[in-house]
Amino acid sequence: MSVNVETRDKARTFTEKLYKIMEVMDRVVSLIPEGDYLEVVDTLKDLYTDDKGVPLQSAPETREAFMEAITNNMRRDPIVSAEARRAQRPIRDKQIILSDAHKLENGWKVCPKCDRIVKDMNIHLMSDICQEVSKAKKMAITTGEMDNKDKVIAVKKIKAAMLKRE
Numbered sequence: 011m012s013v014n015v016e017t018r019d020k021a022r023t024f025t026e027k028l029y030k031i032m033e034v035m036d037r038v039v040s041l042i043p044e045g046d047y048l049e050v051v052d053t054l055k056d057l058y059t060d061d062k063g064v065p066l067q068s069a070p071e072t073r074e075a076f077m078e079a080i081t082n083n084m085r086r087d088p089i090v091s092a093e094a095r096r097a098q099r100p101i102r103d104k105q106i107i108l109s110d111a112h113k114l115e116n117g118w119k120v121c122p123k124c125d126r127i128v129k130d131m132n133i134h135l136m137s138d139i140c141q142e143v144s145k146a147k148k149m150a151i152t153t154g155e156m157d158n159k160d161k162v163i164a165v166k167k168i169k170a171a172m173l174k175r176e
């Protein structure tokens, strides 16, 4: 699955910031006062429990061990994992809108039934859009009016009633 450049960049930024926060926490863990440290890790523990709401196994004895456990659990988090995967996906090519002249120069054909320019005539002729436009054109010719919305609705209701009877 591919992503566009903007989505990939957002995912990379998200994961980079998250990993940077964890790196900073690793560096300053010994400098944080015990009360503040406990508040931070309790909040992180609440954020990063497993899918079933079960917190980390047993609380590690040291700050460093606790931070390592939080970091490992965070990396397994589905949101973090999804963002990391999204950041690694290939970039999707931008969609180029071709002009009618360009299409015709490159082998596209004009449909004789609905006047659309199509690449594969066989597939297009079987499509609903071709059949509906063709019917609308025939009805406009038959009635001599361009606005046949009411008549199209009536025909569809009649067809639906006939299908119910079968």
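No gaps in the numbering here: position 114 of the sequence shown is 124 in my numbering, and each next residue is one more.
The C-beta atom is built at its ideal place from N, Cα and C for all residues, glycine as well.
Fair warning: this is a prediction, and the values are worked out from it, not measured in the lab.
On the three-state DSSP scale, how would you describe residue i?
i    : result
K159 : helix
V15  : helix
K129 : coil
K119 : strand
I101 : strand
G154 : coil
I168 : helix
Out of curiosity, what's the CA-to-CA distance linking residue i and residue j?
i    : j    : result
L66  : I101 : Here L66 scores only 49 on pLDDT, less than 50, and its place in the model is too uncertain to base an answer on.
K129 : W118 : 5 angstroms
L108 : T17  : 25 angstroms
V90  : K27  : 11 angstroms
I139 : D103 : 27 angstroms
G45  : I106 : 57 angstroms
K169 : G154 : 23 angstroms
K161 : M172 : 17 angstroms
Using the rule of at least 16 other Cβ atoms within 10 Å of the residue's Cβ for burial, across every protein chain shown, is residue i buried or exposed?
i    : result
A164 : exposed
A111 : exposed
N82  : exposed
I80  : buried
T25  : buried
Once the 5 residues before and after residue i are set aside, which same chain residues still bring their CB inside 8 angstroms of it?
i    : result
R175 : none
V50  : M35 and I42
Quick one: what's got a C-beta closer than 7 angstroms to residue i's C-beta in the same chain, skipping five residues either side?
i    : result
T152 : none
M77  : M35, D36 and V39
Please determine, among the options, the residue with the shortest C-alpha to C-alpha distance to residue i.
i    : options                  : result
A97  : R22, P43 and N116        : R22
V13  : A92, I127 and D52        : A92
R86  : Y29, R18 and D52         : Y29
E33  : K147, M84, G154 and K145 : M84
K145 : I89, C124 and I31        : C124
N132 : E142, V143 and V120      : V120
R95  : M172, K20 and A171       : K20
Can you give me the Cβ contacts of residue i inside the same chain, cut-off strictly under 6 angstroms, excluding the 5 residues immediately before and after it?
i   : result
K62 : With a pLDDT of 48 at K62, under the threshold of 50, the modelled position of that residue is not reliable, and the figure given next carries that caveat. So no residue of the chain qualifies.
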